[in-house]
Amino acid sequence: MRRLLIAVLLLLGTATTAAHADPGLYGCGTSVLGSTGNGWCSGTGTFRLVVACEDGKFARSRWMTIETGDGTLAISCANAKAVGAEIEVK
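Numbering (mature numbering (1 follows the signal peptide of the UniProt record, and there is no 0)) for the sequence shown: -21 to -1, 1 to 69.
(1) Please state whether DSSP places N58 in a helix, a strand or coil.
(2) Assign T(-5) to one of two classes, buried (16 or more other C-beta atoms within 10 Å of its C-beta) or exposed (fewer than that).
(3) I'd like to check one pair, S55 with M14: are the Cβ atoms closer than 8 Å?
(4) For the beta strand (DSSP E) containing W19, name the first residue and the last one.
(5) If you run the structure through DSSP and keep just helix, strand and coil, what is G50?
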């Protein structure tokens, strides 16, 4: 009985550790070309792309949630050149 209890406790401890092992987002990056900005991330989490436009406005993508995978987003400035982009994490 004692061995069974120890085995169950070890299994529960392992399962709890695995469930809380959240790698977060990593490998995020951005690029701009013409009026379009592109962004990407890997891992687990929620992010969006914010692109700065030459006319002083900002274009914001929808939020994207990924779970242990990769995600890419693109958004364009309406009538201006994209001058920069960044990833915003939720």
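From the three backbone atoms N, C-alpha and C, an ideal C-beta is built for every residue, glycine too.
Per the coordinate set shown:
(1) coil
(2) Any answer about T(-5) is weak, because its pLDDT of 35 lies below 50 and its placement is not dependable; what the coordinates show is given next. Exposed is the call here.
(3) First, the residue type needs correcting, since residue 14 is Ser and not Met in the sequence shown. Yes; because the gap between Cβ atoms is below 8 Å, this pair is in contact.
(4) Unbroken beta strand (DSSP E) run through W19: 15 to 32.
(5) strand
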